[in-house]
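Single-structure report; data block below.
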Amino acid sequence: MPAIIEIKDVTKEFKVLNRREGLKGSIKDLFSRDYKTVRAVDSISMSIEQGEIVGYLGPNGAGKSTTIKMMTGVLEPTEGQILVDGAAPYKNRERNAQKIGVVFGQRSQLWWALPLIESFRLLKDIYRISDEQYDGMMKLYGSLVDIEPLLHKPVRQMSLGQRTLSDILAAFLHDPKIVFLDEPTIGLDVSMKAKIRTLIHALNKEKNTTVILTTHDMGDVDALCRRIVIIDKGKMLYDNDIEHLKGFFGSYRTLKIRIDGDMKEIAESIQKELPDFSVSADDEWISVLVDEEKAKVIDVLGRLQSSCKIKDMQLEEISTEEVIKKIYEEGVS
Amino acid sequence: MKLKRYLALTRAGIIEALQFRLGSFVIVVGNLLYLIVVYFLWKAIYASAGTKVVNGMTFSDTLIYLVLATALFNFMEMYAVWEIGRAIQSGKIVLDLLKPMKYRTYLFWSYSGSFVTNFFMTFLPTFIVVTAVTHGAVHLGLNLLCFVISVVMAIIINYSIDFIVGTICLYTESIWGINIMKQVIVLLLSGATIPLAFFPDGFRRAVECLPFQSIYNAPLSILLDADPEPKKLVTTLGIQLIWCVVMTVISKLFWKASLRRITVNGG
Numbered sequence: 005m006p007a008i009i010e011i012k013d014v015t016k017e018f019k020v021l022n023r024r025e026g027l028k029g030s031i032k033d034l035f036s037r038d039y040k041t042v043r044a045v046d047s048i049s050m051s052i053e054q055g056e057i058v059g060y061l062g063p064n065g066a067g068k069s070t071t072i073k074m075m076t077g078v079l080e081p082t083e084g085q086i087l088v089d090g091a092a093p094y095k096n097r098e099r100n101a102q103k104i105g106v107v108f109g110q111r112s113q114l115w116w117a118l119p120l121i122e123s124f125r126l127l128k129d130i131y132r133i134s135d136e137q138y139d140g141m142m143k144l145y146g147s148l149v150d151i152e153p154l155l156h157k158p159v160r161q162m163s164l165g166q167r168t169l170s171d172i173l174a175a176f177l178h179d180p181k182i183v184f185l186d187e188p189t190i191g192l193d194v195s196m197k198a199k200i201r202t203l204i205h206a207l208n209k210e211k212n213t214t215v216i217l218t219t220h221d222m223g224d225v226d227a228l229c230r231r232i233v234i235i236d237k238g239k240m241l242y243d244n245d246i247e248h249l250k251g252f253f254g255s256y257r258t259l260k261i262r263i264d265g266d267m268k269e270i271a272e273s274i275q276k277e278l279p280d281f282s283v284s285a286d287d288e289w290i291s292v293l294v295d296e297e298k299a300k301v302i303d304v305l306g307r308l309q310s311s312c313k314i315k316d317m318q319l320e321e322i323s324t325e326e327v328i329k330k331i332y333e334e335g336v337s
Numbered sequence: 007m008k009l010k011r012y013l014a015l016t017r018a019g020i021i022e023a024l025q026f027r028l029g030s031f032v033i034v035v036g037n038l039l040y041l042i043v044v045y046f047l048w049k050a051i052y053a054s055a056g057t058k059v060v061n062g063m064t065f066s067d068t069l070i071y072l073v074l075a076t077a078l079f080n081f082m083e084m085y086a087v088w089e090i091g092r093a094i095q096s097g098k099i100v101l102d103l104l105k106p107m108k109y110r111t112y113l114f115w116s117y118s119g120s121f122v123t124n125f126f127m128t129f130l131p132t133f134i135v136v137t138a139v140t141h142g143a144v145h146l147g148l149n150l151l152c153f154v155i156s157v158v159m160a161i162i163i164n165y166s167i168d169f170i171v172g173t174i175c176l177y178t179e180s181i182w183g184i185n186i187m188k189q190v191i192v193l194l195l196s197g198a199t200i201p202l203a204f205f206p207d208g209f210r211r212a213v214e215c216l217p218f219q220s221i222y223n224a225p226l227s228i229l230l231d232a233d234p235e236p237k238k239l240v241t242t243l244g245i246q247l248i249w250c251v252v253m254t255v256i257s258k259l260f261w262k263a264s265l266r267r268i269t270v271n272g273g
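Heads up: the protein sequence lines correspond to chains A and B, in order. Going by my numbering, the first sequence opens with residue 5, and the numbers climb by one from there. Going by my numbering, the second sequence opens with residue 7, and the numbers climb by one from there.
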C-alpha cells in the first residue's frame, strides 16, 4: 500500500530578528537587518500509511507544530519534499484542506455563538459533504457518543471537554484521509480523556482514517498509538513501535520526595549515596529516577528514609520528557 | 454548487448576529446619540454661516445626507481589520487557512450575514423614517435601483480596503493603531463624516481621484439626486466599477504575496 504521507529530508528554517536589549537596543532594532536563521526542523524523514495512528512526541519547541503545519500546507518546507496523498500540500492548500481534518486542543474551529448542529451544517456545505454521507456520519456519531444533548447547545456554553469532543467530531465530518490532533486531551479530566480516546480509536477503526497525534500525555499514546515518532530540537530521535520503546524505559520510575532544608544540598548528598541513579532538585521536589531492574523503589525509599526525614513523597511513571531526555542522552538502537 | 457554500456562511452569520440581540439595540442607541451631536453641530455651523445655503447644500440636505451616511456606515462597516488582526494574533488564522476555501472569500461570506441583519435592523428603518419625515427629499424611483447596485460595489470596495489594511497586520502584528488610522482616513475621504461639497476645491478634486469617495459619496449622491442626468449616473457607477476591480485585484495580489511570506517564514 502506498504511503499517505511521505516526508523526505524535510528541513524548515526561520529567519528571526536578533533583538537587542534595553530602550536603545529596541530603537536600533527598528532599523536592524541583523537576522539569524533558526532551524526548527532538521532533515526529518518518515512515511505514514493509511489507517495508522502515529504519536508525534517531543518537548515544547521541538518542532512538532512546524512539522504539522508543513503537512497541512500552511508552511512550505525550506528543503526536502512532503507529499500528502501524492501531492505537495502547500502548492494547493485548499485542495489539501479537503483531505485533512485538524483539531488544535487550544482553539476551536466551531462557530462560537452557534449551536453545534449549525456548525456541522455549515461544515457540510463548506466541505461539500453529500446528504447521504452526512447522515451516515451523524448516525455513526450517535452510536459512538451521546451527541443529542450537545447538538443544540451553543459552543460557547460547552465545557472544555464537550467542546473538544465536538471539535473532534467536526474534524472527522467530511471523512478526511488524515486527521491531525494537536494535544486533544489537554486540560481534560480523566473520564473525558478516556471518552475522547475511545472516540478517536473508534473513528480510526471505522473510517480507516490516518491519525497524527501530538501530545504530552503518555496515557494518550498508550491508549491509541502503536507507532511513535519522537523529535527534539528539530531532529528525529526515534521512529518505531511503542513496545520497543517501553522495553527500554518501562522499568523506570520517578521517585519524588520533599525534605526540610536546602534541597539542592540534600540532592547532592543523595546523589553521592545513590550513584546509579540521576538525582535532580527543583524548588519543591527532589526527583530520583530509579531503574527498577537495578533496585526496587521501596528499597531506595527505605535507604533515603534512614538518612533523612521525608515530609512527602510521590511516585510517577517516567514522563515523556524524561524518556526523551534519556533517549537524547543515551540514544536508542 | 459554489453559491450554496457561500450562502451557508451567510445563513450562519444571520443566526449568529441574531444571538446578540442586545448588541443591535446598543448600536441603535449609540447612533441616535451620534446623530443628535451631528444635528447640533451642523445647526451651529449653519447659524454661524449666516446663509441658508452653504456650498450648495441646505441644512436639511446636509442632515439627510449625514443621517443616511451613518445608516450606511452601520450597514457596510465590516470590522474585517479587527477580525484579521485578531486571527493573526491568536493564531486562529491557521484554522481559517485550513478551510477548503480562499481566506478572502471565506471571510467576506462569513460577514455577509451581518450585512443582511444590519440592513434590516439599521439601514432600512432609518431610510423609511428619513423618507417619511422629509416628504419627498428622497426621490423614490429608478435611482433606488442604481443605489442598490452602487451599494453592492461600495461594499466590495470597502471590503477590499479593509482586507488590504488587515493584511498589513501580518507585518506589524498590531491592529489598534492601523485600524483607527484606516477608519479616520476612510470616513473622512469618503464623505461619510463631512459631505465632500464642504471640502476646499483643490482638496475635493484630489479626493475625487481616490477610491474612498466611491464608498459613501457615490451611493448617497445617487440616492439623493432626484433628477439625475444619465451621463453623470453612468460616470459615477463606472468609476465605482473601476475601483471595484482595481481594489479587488490589489487586495488579492497583496494577500497572495503576504501569504507566501508567511508560508516561507512562519507566522
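Just so you know, even glycine gets a beta-carbon here, dropped at the ideal spot from N, CA and C.
Answer yes or no: does any C-beta atom of chain A fall closer than 8 Å to that of residue i?
{"i": "E22/B", "result": "yes"}
{"i": "K10/B", "result": "yes"}
{"i": "A14/B", "result": "yes"}
Exposed or buried, what is residue i when buried is set at 16 or more other beta-carbons lying within 10 Å of its beta-carbon?
{"i": "T168/A", "result": "buried"}
{"i": "A50/B", "result": "exposed"}
{"i": "N96/A", "result": "exposed"}
{"i": "S66/B", "result": "exposed"}
{"i": "S337/A", "result": "Caution applies to S337/A, whose pLDDT of 45 falls short of 50 and renders its modelled position unreliable; the value that the coordinates give is listed next. Its Cβ having fewer than 16 others within 10 Å, S337/A is exposed."}
{"i": "D303/A", "result": "exposed"}
{"i": "P119/A", "result": "buried"}
{"i": "R201/A", "result": "buried"}
{"i": "I261/A", "result": "buried"}
{"i": "P201/B", "result": "buried"}
{"i": "V139/B", "result": "exposed"}
{"i": "I182/A", "result": "buried"}
{"i": "E152/A", "result": "exposed"}
{"i": "F46/B", "result": "exposed"}
{"i": "G172/B", "result": "buried"}
{"i": "K40/A", "result": "exposed"}
{"i": "V42/A", "result": "exposed"}
{"i": "E210/A", "result": "exposed"}
Using beta carbons (cut-off 8 Å, strictly below), is residue i in contact with chain B?
{"i": "S337/A", "result": "With a pLDDT of 45 at S337/A, under the threshold of 50, the modelled position of this residue cannot be trusted; read the value that follows with caution. S337/A does not count as touching chain B."}
{"i": "R43/A", "result": "no"}
{"i": "Q137/A", "result": "no"}
{"i": "L21/A", "result": "no"}
{"i": "L126/A", "result": "yes"}
{"i": "V14/A", "result": "no"}
Who are the neighbours of residue i on chain B, taking C-beta pairs under 8 Å?
{"i": "F108/A", "result": "V100 and L101"}
{"i": "R111/A", "result": "S96, G97, K98 and L101"}
What residues from chain B crowd round residue i, counting only those whose CB sits closer than 9 Å?
{"i": "E122/A", "result": "R17, A18, I21 and E22"}
Please list, in chain order, the chain A residues whose beta carbon lies closer than 8 Å to that of residue i.
{"i": "A263/B", "result": "In chain order: nothing, as chain A lies at least about 14 Å away."}
{"i": "Q25/B", "result": "A117, L118 and P158"}
Find the residues of chain A that neighbour residue i, judging by a C-beta separation of less than 7 Å, and give them in chain order.
{"i": "M107/B", "result": "E98 and I130"}
{"i": "T269/B", "result": "V78, L79, E80 and Y94"}
Under 7 Å Cβ-Cβ, which residues of chain B neighbour residue i?
{"i": "W115/A", "result": "A18 and E22"}
{"i": "Q102/A", "result": "P106"}
In the segment 173-190 of chain B, which residues sit with their C-beta less than 7 Å from some C-beta in chain A, listed in chain order?
-> none
Quick one, which residues of the segment 84-103 of chain B are near chain A if we go by CB-CB under 8 Å, in chain order?
-> S96, G97, K98, V100, L101 and L103
Segments assigned alpha helix (DSSP H), at least 4 residues, entirely inside the segment 211-252 of chain A = 222-228
Would you list, in sequence order, the uninterrupted beta strand (DSSP E) runs of no fewer than 3 residues that lie entirely inside the segment 36-108 of chain A?
-> Assignment of beta strand (DSSP E) within the segment 36-108 of chain A, counting only whole runs of 3 or more residues, yields 39-53, 57-61, 83-88 and 104-108 in chain order.
Taking only runs that begin and end inside the segment 175-256 of chain B, name each unbroken alpha helix (DSSP H) of 4 or more residues, in chain order.
-> Segments of the alpha helix (DSSP H) lying fully in the segment 175-256 of chain B: 182-195, 207-214 and 223-230.
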